[in-house]
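*Asks:* Residue numbers (the numbering used here): 22 to 322. Ideal Cβ positions, reconstructed from N, Cα and C, are used throughout, including at glycine. Below you will find the structure I want to go over with you.
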């Protein structure tokens, strides 16, 4: 069934691409060049990568998760986690979204590990021994990234971050959703995955308002950016203190003017279990400003 194994959810995840505003003491002026900002923008269009950002000796460090959630992402995370003591660690998300069912699988794994979540762009230190890594807040968490954010036992979103949601849709028909034709089976796939997302949302402690806000935004409209009130209404934010997710750091907001809005990921249908290559289909991530299409994995929101 070549059919739509791709549901498009343009803005359901508040966390993936968004940015967490934390800069460690003594490192503020080291980061934020246009070159690094451009690199961060490109990385979040690619399949998700995980890396450990060390922050010795005064803080534990955190997991940087950048890019689109694909069918390989849950497996990649397991490989990354092997041999590491990640229980209770913080994940800093910078993502356009991605695969609906694979995001659900990964989110449940995050919760099982007791991970904390926030939005931001992790910046490695380039100074001397006294310089430390930082997290820039001017980032985007869109589509299924928002549901990864929801997986954290504690969740913080900096004021400068952008968390954006939209409707689930067939990814292969999202470019001209009004003109496309749909079968009864297409509707079944959409409704099935909405049901899976609803269950996951409530299991993670989210509110039905998150689903309501997302389902009110059709694919031919711009993603809806959640304001501070909506972040709390949906229970995406559980704390206003960055120290609750990234302790022993100073909060700052480095200039990241060159960071453009994140690309919109396409999502696809499938089981909640990791899918084989044959069960997923390559979709596209299109820049909101009409940029060039970039390959993304199937089963995305």
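Check the DSSP bridge columns for residue 142 and list the partner residues they point to.
*Replies:* 157
*Asks:* Note down, one range per segment and in chain order, each alpha helix (DSSP H) of at least 4 residues found wholly within the segment 65-117.
*Replies:* You should have 94-102.
*Asks:* From this set, 71, 154, 82 and 88, which residue's C-alpha is nearest residue 63's C-alpha?
*Replies:* That would be 88, whose Cα lies nearest to the Cα of residue 63.
*Asks:* Whole angstroms is fine: what's the gap from residue 248's alpha carbon to residue 185's?
*Replies:* 9 Å
*Asks:* For residue 235, which of 190, 197 and 209 has the nearest alpha-carbon?
*Replies:* Relative to residue 235, the option among 190, 197 and 209 whose CA is nearest is 190.
*Asks:* Are residue 163 and residue 116 close, meaning C-beta to C-beta below 9 Å?
*Replies:* yes
*Asks:* What residue from 171, 212 and 97 has the CA that sits closest to residue 259's CA?
*Replies:* 171
*Asks:* Would you check if the distance between the CB atom of residue 137 and the CB atom of residue 96 is smaller than 9 Å?
*Replies:* no
*Asks:* Using a threshold of 9 Å, state whether the C-beta atoms of residue 230 and residue 255 are closer than that.
*Replies:* yes
*Asks:* Determine the extent of the alpha helix (DSSP H) in which residue 211 is found, giving its start and end residues.
*Replies:* 205-224
*Asks:* Since residue 141 and residue 156 are thought to touch, with beta carbons under 8 Å apart, how far apart are those beta carbons, to the nearest angstrom?
*Replies:* 4 Å
*Asks:* Whole angstroms is fine: what's the gap from residue 101's alpha carbon to residue 73's?
*Replies:* 9 Å
*Asks:* Residue 214: which of 240, 196 and 121 sits nearest, CA to CA?
*Replies:* 121
*Asks:* Tell me which residue opens and which closes the alpha helix (DSSP H) that residue 184 is part of.
*Replies:* Run containing residue 184: none in the alpha helix (DSSP H); it sits in the beta strand (DSSP E), 183-186.
*Asks:* If you measure between the beta carbons of residue 119 and residue 94, is that distance less than 9 Å?
*Replies:* Contact flag set, yes.
*Asks:* Could you pull out every residue in the same chain whose Cβ sits closer than 6 Å to the Cβ of residue 111, ignoring the five residues on either side in sequence?
*Replies:* 83, 137, 266 and 267
*Asks:* Thinking C-beta only, is residue 125 closer than 9 Å to residue 98?
*Replies:* no
*Asks:* Is it buried or exposed, residue 239, if we count other Cβ atoms within 10 angstroms and call 16 or more buried?
*Replies:* exposed
*Asks:* What's the gap between the Cα of residue 257 and the Cα of residue 232?
*Replies:* 12 Å
*Asks:* Count the other CB atoms, across all protein chains shown, that sit within 10 Å of the CB of residue 128; report buried if there are 16 or more and exposed otherwise.
*Replies:* Residue 128 should be labelled buried.
*Asks:* Give the single residue among 177, 252 and 226 whose Cα lies nearest to the Cα of residue 132.
*Replies:* 226
*Asks:* Measure the CB-CB distance between residue 92 and residue 154 and report whether it falls below 9 Å.
*Replies:* no
*Asks:* Residues in the same chain with beta-carbon distance under 7 Å from residue 251, minus the five sequence neighbours each way, listed in chain order, please.
*Replies:* For residue 251, where only same-chain residues beyond five positions count, the Cβ hits under 7 Å are 234.
*Asks:* If you run the structure through DSSP and keep just helix, strand and coil, what is residue 180?
*Replies:* coil
*Asks:* Can you give me the C-alpha to C-alpha distance between residue 242 and residue 78, rounded to a whole angstrom?
*Replies:* About 47 Å.
*Asks:* Expressed to the nearest angstrom, what Euclidean distance is found between the alpha-carbon atoms of residue 187 and residue 195?
*Replies:* 12 Å
*Asks:* Report the three-state DSSP secondary structure of residue 120 (helix, strand or coil).
*Replies:* Here residue 120 carries a strand assignment [DSSP, helix/strand/coil].
*Asks:* Going by beta carbon distance, what residues of the same chain come within less than 6 Å of residue 107, once the five residues before and after it are set aside?
*Replies:* 134
*Asks:* Cα-Cα, which of 103, 209, 208 and 165 is closest to residue 221?
*Replies:* Comparing alpha-carbon positions, the option among 103, 209, 208 and 165 lying closest to residue 221 turns out to be 165.
*Asks:* Across which residues does DSSP place residue 4 in a beta bridge pair?
*Replies:* Given that the chain is displayed from residue 22 to residue 322, the structure contains no residue 4 and the question cannot be resolved.
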